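The block underneath contains the structure these notes are about, expressed in structure tokens.
Numbering (our numbering), first residue to last: 881 to 1124.
Take a look at the structure:
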């Protein structure tokens, strides 16, 4: 990149996208359509939720592999449970390969299994940490998960120049305790409605960056294709590199 050659790093485009098992609002299962959405966003880092990372029914590529192939990005799976289609859950797509990977179990009692994928990578000679998560449906469940997530992030803090937390928080209310705790840890991030994709009313999907001043913009990708591709819209953040 010319900017990099002159010592100026271009801003990062970071996406969080709940792909709903690659099944669209039209009922069609189409991983390549999700891949085309991701490719059109021209993102550097893409956190996915509700994606199958390996097939156990045949020897063909998984949904995640099919999405990544169309998007042209490296893959790091973070499954949290098994479905008939194979391991299922979170994933990170990235322009850069992972240097280290951690997975944390955020499951609570009898509720659906949940977790977070924690990836360290080096991008343009800077250390970046990306945490992809998908929290539960009940308020009490989310509170326990947010508390555990904050403790986990803090325990492994200090390595990265830039830390990004993104995912589907399933928090309907801006005053929800889990959301407030994450704002306190990472700094307040603006919310944009991403669900349901046909007529978005709820800001369930979020992206934080630390240091907070690195996060300079949040938007949603809402067009004819994204309305059909999943029941969530992708959320897109612009992140500038922190000063050394």
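Virtual Cβ for every residue (Gly too), placed ideally from N, Cα, C.
Keep in mind that this is a model prediction, so the values were computed, not measured.
Margin query: Checking the sheet assignment: what are the DSSP bridge partners for residue 1118?
Written below: 893 and 1097
Notebook entry, point to check: Does the region 1074-1082 touch the region 997-1004, meaning 3 or more C-beta pairs lie closer than 8 Å?
Noted result: no
Note to self: Using a Cβ-Cβ cutoff of less than 7 Å, which residues in the same chain neighbour residue 934 once the five nearest sequence positions on both sides are dropped?
What the structure shows: 942, 966 and 967
Notebook entry, point to check: alpha helix (DSSP H) containing residue 915: first to last residue?
Noted result: 911-921
Check: From what residue to what residue does the alpha helix (DSSP H) around residue 1021 run?
Finding: 1019-1035
Margin query: Relative to the C-alpha of residue 1015, which candidate in 1049, 1056 and 1112 has its C-alpha closest?
Written below: 1049
Checklist line | Continuous alpha helix (DSSP H) assignments of at least 4 residues falling wholly in the region 959-1010 | finding: none
Notebook entry, point to check: Which stretch, first to last residue, makes up the alpha helix (DSSP H) that contains residue 932?
Noted result: Premise fails: residue 932 lies in the beta strand (DSSP E), 925-932, not in any alpha helix (DSSP H).
Check: Roughly how far, in whole angstroms, is the beta-carbon of residue 1108 from the beta-carbon of residue 904, given that I think they are within contact range, below 8 Å?
Finding: 5 Å
Next item on the list: Taking only the alpha-carbon atoms, compute the straight-line gap between residue 930 and residue 889 and give it to the nearest angstrom.
Entry: 32 Å
Note to self: Checking the sheet assignment: what are the DSSP bridge partners for residue 957?
What the structure shows: 971
Checklist line | Terminal residues of the alpha helix (DSSP H) in which residue 951 lies | finding: 943-951
Note to self: Below 8 Å on the Cβ atoms is my contact criterion, and I expect residue 985 with residue 1036 to pass it. Report the Cβ-Cβ distance as a whole number of Å.
What the structure shows: Contact flag wrong, Cβ pair sits at about 15 Å.
Item checked: Neighbourhood of residue 1043 by C-beta, 6 Å cutoff - its chain only, sequence neighbours within 5 removed -> 1009 and 1090
Check: If you count every other CB in all the chains shown that lies within 10 Å of the CB of residue 1021, and 16 or more means buried, which is it?
Finding: buried
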